[in-house]
Amino acid sequence: MTVFHRNEKKTPLPDGLKGGVVAIGNFDGVHRGHQTVLRRALELARQRNVPALVLTFEPHPRTVFKPDTPVFRLTPAPLKARLLEAIGFHAVIEYPFDLEFSQRSADAFIRSVLVDWLGASEVVTGFDFHFGKGREGGPAFLMEAGARHGFGVTLLDAFRDENAEVVSSTRIRGLLPEGAVSEMAGLLGYRYTVEAEVIKGQQLGRTLGFPTANMALAPQANLRPGIYAVRLRRPDGVIRDGVASFGYRPTVTEDGAALLETFVFDFSGDLYGEVCAVSFFGHLRDEWKFDGLEPLVAQIKRDEEEARALLAGVRPLSALDETIAF
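Under the working numbering, think of the first position of the sequence shown as 139, with each following residue one higher.
Here it is in structure tokens:
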């Protein structure tokens, strides 16, 4: 799959990608609601034998408008691109979003990006998609522009879960402080996954017999400190079960920075410097402070047993989940 991080002024679109069906949105999380939009775009592209493209924006617009309070990304750009590729798209266009672009009129966006650059034959998006300066462009504007410029418009209603509640990225982010990774998986349609470089820590785990792959997550992650049953995927695609601790290590340090520390089962290699993905299958317990290393080690052994038991019985939630975590 091709990933463009350019705009129409810098990157001519290959002829083979013009005239396609374009799904537009931020798609942070690529959750079940997003997937209804994305799969509709794929369906139309297959019916018409044209390319299927995703037009998204980097960085997230909220981060541009409120730089002091950047939004936590459920799926940073590289992970999002992999998910979109797994779903079946030919190309992802990560359009650079900045204050200058935010001042472009809705009509200019349609003419310069959708018509002249992409040559879109169909635009597929959510019913609440707004664009252009001051969010002047909305569904009615988009449909009228499509009629003028010769592209179709497909709008999809908000997707609701089995309890008739709307599935949204905001709702999923709200589950992070609860450690509710199983509920998140139900809304995402796949296991919640983070991706980061493995860095060196204090190497205390190695001394205790439980060496860990350490990752620093974004400060805005707001994940509940605790112990989780996980799977770790290496860059070569090899996946191993493990148990991970996210938190501040209160037993061994007073002011530690938050780290995700994954003990990978039945593995003794070196992961330093690798960008690995960790998928969360269950929250086992909160982070506790122990009275010394001996009770800590005893509890880690119990956590390992519980994680192994949980992971032994898991099954894919979807084809996308199977691609990411199995």
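Just so you know, even glycine gets a beta-carbon here, dropped at the ideal spot from N, CA and C.
Here residue 305 carries a coil assignment [DSSP, helix/strand/coil].
Contact annotation: the region 372–387 does not touch the region 294–314, with fewer than three C-beta pairs closer than 8 Å. Separation of residue 142 and residue 230 (C-alpha to C-alpha, rounded to the nearest whole angstrom) is 6 Å.
Rounded to the nearest whole angstrom, the C-alpha separation of residue 412 and residue 418 is 19 Å. Just so you know, the alpha carbons of residue 276 and residue 269 end up roughly 7 Å apart. As a beta-bridge residue in DSSP terms, residue 275 pairs with 269. The continuous alpha helix (DSSP H) containing residue 170 extends over residues 170–186. Spanning the alpha carbons of residue 395 and residue 355 requires a straight line of approximately 10 Å.
Residue 171 is classed as buried because its beta carbon has at least 16 other beta carbons within 10 Å across all chains shown.
Of the candidates 292, 238, 288, 279, the residue whose Cα lies closest to the Cα of residue 263 is 292.
In this structure, residue 169 places its C-beta atom within 7 Å of the C-beta atom of residue 325.
Around the Cβ of residue 453, a 10 Å sphere holds fewer than 16 other Cβ atoms; the residue is exposed. Here DSSP, grouped into helix, strand and coil, assigns residue 401 to strand. By DSSP's assignment, residue 320 forms no beta bridge with any residue. DSSP places residue 146 in no beta strand (DSSP E); its state is neither H nor E. In this structure, residue 151 lies near residue 255, with their beta-carbon atoms less than 7 Å apart. For residue 243, same chain residues with a beta-carbon under 6 Å away, outside a window of 5 residues either side, are 270, 271 in chain order. The beta carbons of residue 252 and residue 174 sit no closer together than 7 Å. When secondary structure is reduced to three states using DSSP, residue 406 falls in the coil class, being assigned neither helix nor strand.
Separation of residue 284 and residue 245 (C-alpha to C-alpha, rounded to the nearest whole angstrom) is 11 Å. By the criterion of a C-beta distance shorter than 8 Å, residue 456 is surrounded in its chain by 327, 328, once the five residues flanking it on both sides are discounted. Under a 10 Å Cβ-count criterion, residue 459 is classified as buried, with 16 or more other Cβ atoms of the shown protein chains found around its own Cβ. The residue from 389, 385, 286 with its alpha-carbon nearest to that of residue 398 is 385. Ranked by Cα distance from residue 425, the options 240, 247, 364, 333 are led by 364. About 3 Å separates the beta carbons of residue 317 and residue 362, which is inside the 8 Å limit, making them a contact pair.
The DSSP-derived three-state label of residue 245 is helix. Here residue 211 is buried. Its C-beta has 16 or more other C-beta atoms within 10 Å. Note on residue 410: under 16 other CB atoms within 10 angstroms of its CB, so exposed under the neighbour-count rule. DSSP places residue 331 in the strand class (E or B) of the three-state scheme. For residue 293, the pairing in a beta bridge is given by DSSP as 263.
The residue from 433, 377, 438 with its alpha-carbon nearest to that of residue 423 is 438. Counting the other Cβ atoms within 10 Å of the Cβ of residue 194 gives 16 or more, which makes it buried.
With respect to the 7 Å criterion, residue 192 and residue 235 are not classified as neighbours on the basis of their beta carbons. When the five nearest sequence neighbours on each side are left out, the beta carbons in the same chain lying within less than 7 Å of the beta carbon of residue 310 are those of 167, 169, 212, 322, 325, 326, in order along the chain.
Secondary structure at residue 379: strand, using DSSP grouped into helix, strand and coil.
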